[in-house]
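**Student:** Here you go, one structure.
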Amino acid sequence: MLRRRRIAAYGLCRDDEGRVLLVRATGGAASAGRWLLPGGGVNHGEDPEDTVRREVEEETGLRVAVVGIRDVLSDVSHLEDVGTLRHQDRLIFDVRVVGGELRPENGGSTDRVAWVAPPAWSDLPLMPYAARILGVGVPDEPAGPEVVPWQSAVPEGARRHQRFAAYGLVTDPAGRVLLALIASNYPGAGRWHLPGGGTDFGEGAVDGVLRELVEETDQRGRVDGLIHVSHRHHGRALGPEGITMDWHGVRVVYRVRVDEPTEPRVVEARGSTVDAAWFGPDKALDLPLTEIARDMIGTHLRS
1 MLRRRRIAAY
11 GLCRDDEGRV
21 LLVRATGGAA
31 SAGRWLLPGG
41 GVNHGEDPED
51 TVRREVEEET
61 GLRVAVVGIR
71 DVLSDVSHLE
81 DVGTLRHQDR
91 LIFDVRVVGG
101 ELRPENGGST
111 DRVAWVAPPA
121 WSDLPLMPYA
131 ARILGVGVPD
141 EPAGPEVVPW
151 QSAVPEGARR
161 HQRFAAYGLV
171 TDPAGRVLLA
181 LIASNYPGAG
191 RWHLPGGGTD
201 FGEGAVDGVL
211 RELVEETDQR
221 GRVDGLIHVS
231 HRHHGRALGP
241 EGITMDWHGV
251 RVVYRVRVDE
261 PTEPRVVEAR
271 GSTVDAAWFG
281 PDKALDLPLT
291 EIARDMIGTH
301 LRS
(Lines of atoms letter the chains of each structure in order from A; the text may use other names.)
(Lines give C-alpha, C1' and ligand atoms only; values in the text may rest on other atoms or scores of the structure.)
Protein backbone atom coordinates (compact mmCIF):
# COMPACT_ATOMS: atom_id res chain seq x y z
CA MET A 1 0.00 0.00 0.00
CA LEU A 2 1.29 3.44 -0.95
CA ARG A 3 2.08 5.95 1.80
CA ARG A 4 1.80 9.67 1.22
CA ARG A 5 2.35 12.70 3.44
CA ARG A 6 0.72 16.11 3.26
CA ILE A 7 1.22 19.31 5.24
CA ALA A 8 -1.87 21.50 5.55
CA ALA A 9 -2.73 24.77 7.27
CA TYR A 10 -6.12 25.94 8.56
CA GLY A 11 -7.57 29.07 10.15
CA LEU A 12 -9.65 29.19 13.33
CA CYS A 13 -11.60 32.41 12.92
CA ARG A 14 -14.12 33.76 15.46
CA ASP A 15 -16.34 36.80 15.19
CA ASP A 16 -17.42 39.21 17.95
CA GLU A 17 -20.32 36.92 18.86
CA GLY A 18 -18.08 33.87 19.37
CA ARG A 19 -19.17 32.16 16.18
CA VAL A 20 -16.60 30.14 14.20
CA LEU A 21 -16.12 30.27 10.44
CA LEU A 22 -16.69 26.83 8.89
CA VAL A 23 -16.89 25.45 5.36
CA ARG A 24 -18.48 22.28 3.96
CA ALA A 25 -16.36 19.89 1.92
CA THR A 26 -17.29 18.50 -1.49
CA GLY A 27 -14.28 16.15 -1.81
CA GLY A 28 -13.93 12.36 -1.66
CA ALA A 29 -16.17 9.92 0.15
CA ALA A 30 -14.33 10.38 3.45
CA SER A 31 -14.93 14.13 3.64
CA ALA A 32 -17.90 14.98 1.38
CA GLY A 33 -20.63 16.78 3.31
CA ARG A 34 -18.49 17.29 6.40
CA TRP A 35 -17.74 20.68 7.91
CA LEU A 36 -14.21 21.86 8.62
CA LEU A 37 -12.07 24.90 9.23
CA PRO A 38 -11.12 26.76 6.04
CA GLY A 39 -7.67 25.82 4.83
CA GLY A 40 -5.75 23.29 2.76
CA GLY A 41 -2.46 21.92 1.57
CA VAL A 42 0.78 23.87 1.86
CA ASN A 43 2.29 24.26 -1.61
CA HIS A 44 5.93 23.37 -2.10
CA GLY A 45 8.01 26.35 -0.96
CA GLU A 46 5.01 28.19 0.50
CA ASP A 47 4.96 29.80 3.95
CA PRO A 48 2.15 28.06 5.93
CA GLU A 49 0.84 31.48 6.99
CA ASP A 50 0.47 32.40 3.31
CA THR A 51 -1.37 29.10 2.82
CA VAL A 52 -3.94 30.07 5.45
CA ARG A 53 -4.51 33.52 4.00
CA ARG A 54 -4.82 32.14 0.45
CA GLU A 55 -7.09 29.22 1.33
CA VAL A 56 -9.44 31.22 3.58
CA GLU A 57 -9.96 33.84 0.88
CA GLU A 58 -10.49 31.21 -1.83
CA GLU A 59 -13.00 29.23 0.24
CA THR A 60 -14.89 32.03 2.02
CA GLY A 61 -14.21 35.33 0.22
CA LEU A 62 -12.78 36.82 3.42
CA ARG A 63 -9.28 38.20 3.89
CA VAL A 64 -7.66 37.33 7.19
CA ALA A 65 -4.59 38.19 9.23
CA VAL A 66 -2.74 35.45 11.09
CA VAL A 67 -2.70 36.05 14.85
CA GLY A 68 -0.62 33.04 15.90
CA ILE A 69 -0.20 29.27 15.89
CA ARG A 70 -2.75 27.39 18.01
CA ASP A 71 -2.07 23.67 17.57
CA VAL A 72 -0.65 20.91 15.38
CA LEU A 73 -2.70 17.78 14.75
CA SER A 74 -1.63 14.68 12.83
CA ASP A 75 -3.76 11.87 11.47
CA VAL A 76 -3.61 8.97 9.03
CA SER A 77 -6.51 8.21 6.69
CA HIS A 78 -7.06 5.15 4.51
CA LEU A 79 -7.94 6.19 0.95
CA GLU A 80 -9.32 2.86 -0.19
CA ASP A 81 -10.24 4.03 -3.70
CA VAL A 82 -6.59 4.70 -4.53
CA GLY A 83 -4.98 2.15 -2.20
CA THR A 84 -3.14 4.79 -0.17
CA LEU A 85 -2.46 5.65 3.45
CA ARG A 86 -2.20 9.42 3.83
CA HIS A 87 -0.54 11.06 6.81
CA GLN A 88 -1.52 14.70 7.28
CA ASP A 89 0.18 17.21 9.58
CA ARG A 90 -2.37 19.97 10.15
CA LEU A 91 -1.22 23.38 11.37
CA ILE A 92 -4.05 25.29 13.07
CA PHE A 93 -3.66 29.08 13.14
CA ASP A 94 -5.76 31.68 14.93
CA VAL A 95 -6.86 34.27 12.36
CA ARG A 96 -9.04 37.40 12.27
CA VAL A 97 -11.01 38.96 9.42
CA VAL A 98 -9.54 42.13 7.93
CA GLY A 99 -11.67 42.49 4.78
CA GLY A 100 -13.55 40.79 1.98
CA GLU A 101 -17.12 39.59 1.63
CA LEU A 102 -18.52 36.24 2.72
CA ARG A 103 -19.22 33.92 -0.22
CA PRO A 104 -18.74 30.18 -0.89
CA GLU A 105 -15.95 28.90 -3.10
CA ASN A 106 -16.97 28.59 -6.76
CA GLY A 107 -16.22 25.14 -8.13
CA GLY A 108 -13.59 24.21 -5.56
CA SER A 109 -13.33 21.71 -2.72
CA THR A 110 -16.04 23.42 -0.61
CA ASP A 111 -19.59 24.49 -1.44
CA ARG A 112 -20.91 26.23 1.69
CA VAL A 113 -19.53 28.69 4.22
CA ALA A 114 -21.15 29.87 7.45
CA TRP A 115 -20.56 31.46 10.82
CA VAL A 116 -21.62 28.80 13.31
CA ALA A 117 -22.40 29.40 17.00
CA PRO A 118 -21.13 26.98 19.71
CA PRO A 119 -24.40 25.07 20.32
CA ALA A 120 -24.96 24.50 16.60
CA TRP A 121 -21.54 23.15 15.63
CA SER A 122 -21.98 20.13 17.93
CA ASP A 123 -24.79 18.95 15.65
CA LEU A 124 -22.81 19.26 12.42
CA PRO A 125 -20.96 16.37 10.76
CA LEU A 126 -17.45 17.67 11.50
CA MET A 127 -14.13 16.41 10.25
CA PRO A 128 -12.34 14.79 13.22
CA TYR A 129 -9.57 17.40 13.40
CA ALA A 130 -12.16 20.23 13.44
CA ALA A 131 -14.11 18.46 16.19
CA ARG A 132 -10.98 18.22 18.33
CA ILE A 133 -10.16 21.90 17.86
CA LEU A 134 -13.73 22.92 18.73
CA GLY A 135 -13.80 20.65 21.78
CA VAL A 136 -16.67 18.40 20.75
CA GLY A 137 -16.82 14.62 20.49
CA VAL A 138 -14.59 13.26 17.75
CA PRO A 139 -16.61 11.35 15.09
CA ASP A 140 -15.86 7.66 14.71
CA GLU A 141 -13.70 6.85 11.71
CA PRO A 142 -13.80 3.54 9.83
CA ALA A 143 -10.96 1.28 10.95
CA GLY A 144 -8.15 1.10 8.43
CA PRO A 145 -5.04 -1.08 8.26
CA GLU A 146 -2.66 -0.92 11.21
CA VAL A 147 -0.14 1.89 10.83
CA VAL A 148 3.39 1.07 11.91
CA PRO A 149 5.53 4.22 12.28
CA TRP A 150 8.55 4.19 10.02
CA GLN A 151 11.50 6.50 9.63
CA SER A 152 10.77 9.56 7.51
CA ALA A 153 12.99 9.40 4.46
CA VAL A 154 13.41 11.07 1.11
CA PRO A 155 11.84 8.83 -1.56
CA GLU A 156 14.49 7.12 -3.65
CA GLY A 157 15.37 9.17 -6.71
CA ALA A 158 13.41 12.21 -5.50
CA ARG A 159 14.55 15.65 -6.64
CA ARG A 160 11.86 17.57 -4.75
CA HIS A 161 10.80 16.91 -1.18
CA GLN A 162 8.64 18.49 1.51
CA ARG A 163 9.43 17.59 5.13
CA PHE A 164 7.59 18.19 8.40
CA ALA A 165 9.75 18.46 11.53
CA ALA A 166 9.29 19.19 15.23
CA TYR A 167 11.93 20.71 17.52
CA GLY A 168 12.17 21.56 21.19
CA LEU A 169 13.39 24.64 23.04
CA VAL A 170 14.45 22.44 25.95
CA THR A 171 15.26 23.81 29.42
CA ASP A 172 15.92 22.39 32.89
CA PRO A 173 15.02 23.76 36.36
CA ALA A 174 18.29 25.72 36.46
CA GLY A 175 17.32 27.62 33.30
CA ARG A 176 19.90 25.94 31.06
CA VAL A 177 19.10 25.19 27.43
CA LEU A 178 19.83 21.84 25.79
CA LEU A 179 21.48 21.86 22.35
CA ALA A 180 22.59 19.21 19.85
CA LEU A 181 25.67 19.48 17.61
CA ILE A 182 25.02 18.71 13.93
CA ALA A 183 27.26 16.03 12.39
CA SER A 184 29.38 16.48 9.30
CA ASN A 185 27.75 15.78 5.91
CA TYR A 186 24.45 17.20 7.18
CA PRO A 187 23.08 20.70 6.50
CA GLY A 188 24.35 23.01 9.23
CA ALA A 189 27.31 20.75 10.11
CA GLY A 190 29.31 22.04 13.08
CA ARG A 191 26.50 24.20 14.43
CA TRP A 192 24.48 23.73 17.60
CA HIS A 193 20.80 23.13 17.00
CA LEU A 194 17.55 22.56 18.86
CA PRO A 195 16.91 18.85 19.55
CA GLY A 196 14.36 17.44 17.13
CA GLY A 197 13.87 16.44 13.54
CA GLY A 198 11.51 14.95 11.00
CA THR A 199 8.49 13.10 12.34
CA ASP A 200 7.81 9.51 11.33
CA PHE A 201 4.84 8.34 9.29
CA GLY A 202 1.89 7.94 11.65
CA GLU A 203 3.60 9.96 14.39
CA GLY A 204 2.31 13.19 15.92
CA ALA A 205 4.51 16.24 16.37
CA VAL A 206 4.62 16.01 20.19
CA ASP A 207 5.55 12.32 20.10
CA GLY A 208 8.16 13.10 17.45
CA VAL A 209 9.95 15.84 19.39
CA LEU A 210 10.04 13.74 22.59
CA ARG A 211 11.40 10.73 20.67
CA GLU A 212 14.09 12.86 19.03
CA LEU A 213 14.98 14.31 22.44
CA VAL A 214 15.79 10.82 23.72
CA GLU A 215 17.66 9.76 20.57
CA GLU A 216 19.79 12.89 20.35
CA THR A 217 20.39 13.72 24.03
CA ASP A 218 19.15 10.84 26.25
CA GLN A 219 16.83 13.21 28.16
CA ARG A 220 13.19 12.64 29.11
CA GLY A 221 11.04 15.74 28.76
CA ARG A 222 7.48 17.02 28.78
CA VAL A 223 5.97 19.42 26.28
CA ASP A 224 4.86 22.73 27.77
CA GLY A 225 3.37 24.53 24.79
CA LEU A 226 3.69 25.25 21.08
CA ILE A 227 5.68 28.45 20.50
CA HIS A 228 6.71 28.73 16.85
CA VAL A 229 6.15 27.62 13.28
CA SER A 230 8.31 28.49 10.29
CA HIS A 231 9.48 27.12 6.96
CA ARG A 232 12.64 27.01 4.89
CA HIS A 233 12.85 26.51 1.14
CA HIS A 234 16.18 25.62 -0.45
CA GLY A 235 16.03 25.06 -4.19
CA ARG A 236 19.46 23.40 -4.36
CA ALA A 237 19.90 21.66 -1.01
CA LEU A 238 22.36 18.79 -0.70
CA GLY A 239 20.31 15.66 -0.12
CA PRO A 240 21.20 12.00 0.49
CA GLU A 241 24.27 10.68 -1.33
CA GLY A 242 25.18 14.17 -2.50
CA ILE A 243 22.09 14.58 -4.68
CA THR A 244 20.95 18.18 -5.17
CA MET A 245 17.29 18.60 -4.22
CA ASP A 246 14.53 21.20 -4.18
CA TRP A 247 13.91 20.97 -0.42
CA HIS A 248 11.06 22.53 1.56
CA GLY A 249 10.96 22.11 5.33
CA VAL A 250 8.07 23.10 7.59
CA ARG A 251 9.00 23.05 11.27
CA VAL A 252 7.29 23.64 14.59
CA VAL A 253 8.98 24.37 17.90
CA TYR A 254 7.65 23.32 21.30
CA ARG A 255 8.71 24.53 24.73
CA VAL A 256 9.99 21.38 26.48
CA ARG A 257 10.93 20.95 30.16
CA VAL A 258 13.34 18.34 31.49
CA ASP A 259 12.56 18.10 35.21
CA GLU A 260 15.40 15.69 36.05
CA PRO A 261 18.33 16.52 33.74
CA THR A 262 21.27 14.15 33.32
CA GLU A 263 24.55 14.33 31.43
CA PRO A 264 23.51 14.41 27.76
CA ARG A 265 24.70 11.70 25.38
CA VAL A 266 23.82 10.82 21.82
CA VAL A 267 21.87 7.55 21.71
CA GLU A 268 21.13 7.28 17.99
CA ALA A 269 24.05 5.78 16.06
CA ARG A 270 25.12 7.32 12.73
CA GLY A 271 22.49 10.05 12.97
CA SER A 272 22.63 13.79 12.38
CA THR A 273 23.83 14.57 15.94
CA VAL A 274 27.37 14.00 17.25
CA ASP A 275 27.20 15.74 20.64
CA ALA A 276 24.73 17.30 23.06
CA ALA A 277 25.17 19.58 26.07
CA TRP A 278 23.47 21.96 28.51
CA PHE A 279 24.33 25.68 28.31
CA GLY A 280 23.30 28.87 30.03
CA PRO A 281 21.26 30.95 27.54
CA ASP A 282 23.84 33.75 27.29
CA LYS A 283 26.67 31.25 26.84
CA ALA A 284 24.64 29.46 24.17
CA LEU A 285 24.35 32.68 22.17
CA ASP A 286 28.17 32.77 21.90
CA LEU A 287 28.16 29.38 20.12
CA PRO A 288 27.87 28.77 16.37
CA LEU A 289 24.11 28.25 16.25
CA THR A 290 21.59 27.46 13.56
CA GLU A 291 19.33 30.36 12.68
CA ILE A 292 16.26 28.90 14.40
CA ALA A 293 18.19 28.01 17.58
CA ARG A 294 19.55 31.56 17.87
CA ASP A 295 16.11 33.04 17.24
CA MET A 296 14.34 30.85 19.80
CA ILE A 297 16.97 31.34 22.53
CA GLY A 298 17.19 35.09 21.94
CA THR A 299 13.43 35.51 21.90
CA HIS A 300 12.33 33.22 24.72
CA LEU A 301 15.28 32.64 27.08
CA ARG A 302 17.77 35.50 27.07
CA SER A 303 17.68 37.50 30.32
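Counted from 1, the sequence shown has number 86 at position 86 by this note's numbering; the numbering is strictly sequential. Ideal placement from N, C-alpha and C gives every residue a C-beta, glycine not left out.
#1: Can you tell me whether Glu-17 is helix, strand or coil according to DSSP?
#2: CA-CA distance, Ala-165 and Asp-200?
#3: Nearest to Ala-120 by alpha carbon, out of Val-136, Val-97 and Gly-99?
#4: Starting from His-44, trace the alpha helix (DSSP H) in both directions and tell me its first and last residue.
#5: On the criterion of 16 or more Cβ atoms from any shown chain inside 10 Å, does Asp-286 qualify as buried, or is it exposed?
#6: Please list, in chain order, all residues of the same chain as Ala-293 whose beta carbon is under 7 angstroms from its beta carbon, the five residues on each side excluded.
#7: Please state if the CB of Gly-99 and the CB of Phe-63 are separated by a distance shorter than 7 angstroms.
#8: Where does Tyr-10 sit, in a helix, a strand or coil, going by DSSP?
#9: For Val-258, tell me which candidate among Gln-162, Ala-284, Arg-270 and Thr-217 has the shortest Cα-Cα distance.
#10: Report buried or exposed for Pro-142, applying the criterion of at least 16 other Cβ atoms within 10 angstroms of its Cβ.
#11: Measure the alpha-carbon distance for Ile-7 versus Gly-175 and round it to whole angstroms.
#12: Cβ of Gly-190 versus every heavy atom of the ligand GDP: is any distance shorter than 6 angstroms?
#13: Between Gly-202, Ile-182 and Ala-114, which has its C-alpha nearest Ser-77's C-alpha?
#14: Can you check whether the CB of Thr-110 is closer than 7 angstroms to the CB of Ala-32?
**Tutor:** Taking the definition as stated:
#1: Glu-17: coil per DSSP, three-state reduction.
#2: Rounded to the nearest whole angstrom, the C-alpha separation of Ala-165 and Asp-200 is 9 angstroms.
#3: Measuring from the Cα of Ala-120, the nearest candidate turns out to be Val-136.
#4: Premise fails: His-44 is in no alpha helix (DSSP H) and is neither H nor E.
#5: By the beta-carbon neighbour count (other beta carbons within 10 angstroms, threshold 16), Asp-286 is exposed.
#6: So the qualifying residues of the chain are Leu-179, Trp-192, His-193 and Leu-194.
#7: Position check: residue 63 holds Arg in this sequence, whereas Phe was assumed. Taking a C-beta distance under 7 angstroms as the contact criterion, Arg-63 and Gly-99 qualify as a contact pair.
#8: Here Tyr-10 sits in strand by DSSP.
#9: Looking from the CA of Val-258, the closest CA among Gln-162, Ala-284, Arg-270 and Thr-217 belongs to Thr-217.
#10: Low confidence applies here, because Pro-142 scores a pLDDT of 49, under 50, leaving its location unreliable; read the following figure in that light. Residue environment for Pro-142: exposed (fewer than 16 other C-beta atoms within 10 angstroms of its C-beta).
#11: A direct Cα-Cα distance of roughly 33 angstroms separates Ile-7 from Gly-175.
#12: Although the ligand GDP was asked about, the structure shown includes no ligands whatsoever.
#13: That would be Gly-202, whose Cα lies nearest to the Cα of Ser-77.
#14: If you check the CB distance, Ala-32 and Thr-110 do not come in under 7 angstroms.
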